[in-house]
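> Pasting in a structure now, in C-alpha cells, and then I'll have a few things to ask.
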Ligand code: Z5A
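Residue numbers (the working numbering): 493 to 720.
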C-alpha cells in the first residue's frame, strides 16, 4: 500500500517522435533507472496498452482503416486512448505509480493532424474526451533525420531475420516523414513547459544519460535517489 505523499508524486512521461528514433529502447531504459531507485513505475505504449486498445492497434496497423481517411483514424486512435487512459494510465497514477508511454496524444496531433490534415478542432475535441485531464507531465521528443532512422529500422529487420515490409505508416514517402518530423518539432515549440527535444542521433548510452538529466531536472525529487 502506497502512502499519500508517494501517490502525489507519480508522474506521467511520454516519448514521441518518428519511426526508429529509439523510443522503445529509451522507455525501457528509463523504466529500469526508476525501478533501480525503487520508484514504482510501468511502461506502456500507444496505440495499445490494454486489450481493447491493442485490438484497435492491430486493426489500424494492418491497414484495415486506411481507406476510411485520417479523420476516422483519429477517432479510432482516440477510442484506443480513452480505454488506455481510463483503464491503465489514470488508475496507476492515482495509485502512485509512474507511467511511461511509448507515444501518446502528440502522435495523433502530428500524424493525423499536422501531417494528415485533420481539422485541429476535431483533434482537440477528441483529446479532451480521451485524456480527461491526464496530460503528460513531461514529453520527451526524440528527433533525428528520417533517413537515418529508416536505416535503424532496416538493420533491426535484418537482425530479426524479417523482411522489411513495414506497417502502413512506415510505407509513407520520405517527404511525408520529413513533414512529420517538423510537426513534432512544432508541437514541442508550442508546449515548451511540457516538451523537451533531444537529438536521437547519439548512442543509446549517451541518449539515456541526456534523458535522465532531463527527467531529474524536471522532477528534482529523483536527484537524491541512488540506484540500488
Ligand atoms: N500512430 C498514429 O498515427 N497516431 C497515433 O495517435 C498513435 C500512433 C499513437 C505505431 O507504430 C504507429 O502508429 C506509428 C504512428 C502511428 N507509426 N509507425 N510506424 P509502432 O508503435 O509499431 O512503431 P514506432 O512507434 O514508430 O516504433 P519503432 O519503429 O519500433 O521505433 P522506436 O520505438 O522509436 O525505436 P526502437 O525500437 O527503440 O529502435 C529502433 C532500432 O534502432 C532498434 O533496432 C534499436 O536497437 C536501434 N536503436 C535504438 N536506439 C539507437 C541508438 N541511439 N543508436 C543506434 N541504434 C539505436
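Every residue gets a Cβ at the ideal spot worked out from N, C-alpha and C, and that includes glycine.
Name the DSSP beta bridge partners of residue 525, please?
Per DSSP, none; premise fails for residue 525.
> If you draw a straight line from the alpha carbon of residue 563 to that of residue 610, how long is it in whole angstroms?
Using only the alpha carbons, I get a separation of about 6 Å.
> Helix, strand or coil: how does DSSP classify residue 610 here?
Looking at residue 610 - three-state DSSP - the assignment turns out to be coil, as it is neither helix nor strand.
> With DSSP as the reference, identify every bridge partner of residue 536, one or two as the case may be.
In the DSSP output, where bridge partners are listed per residue, residue 536 has 593.
> Drop a sphere of 10 angstroms on the beta-carbon of residue 524, count the other beta-carbons inside from all chains shown, and report buried for 16 or more, exposed for fewer.
Answer is exposed; the Cβ neighbour count stays below 16.
> Would you identify the three-state DSSP class for residue 627, choosing helix, strand or coil?
If DSSP states are grouped into helix, strand and coil, residue 627 belongs with coil.
> Is it right to say residue 590 is buried, meaning 16 or more other beta carbons lie within 10 angstroms of its own, or is it exposed?
Label assigned to residue 590: buried.
> For residue 506, write down the residues that DSSP places opposite it in a beta bridge.
DSSP lists 593 and 631 as partners of residue 506.
> According to DSSP, simplified to helix, strand and coil, what is residue 513?
Looking at residue 513 - three-state DSSP - the assignment turns out to be coil, as it is neither helix nor strand.
> Leaving out five residues before and five after residue 692 in sequence, what residues of the same chain have Cβ atoms less than 8 Å from its Cβ?
These residues qualify, in order along the chain: 509, 513, 514, 634, 635, 636, 641 and 699.
> Per DSSP, residue 691 is paired with what?
According to DSSP, which records beta bridges pairwise, residue 691 is partnered with 635.
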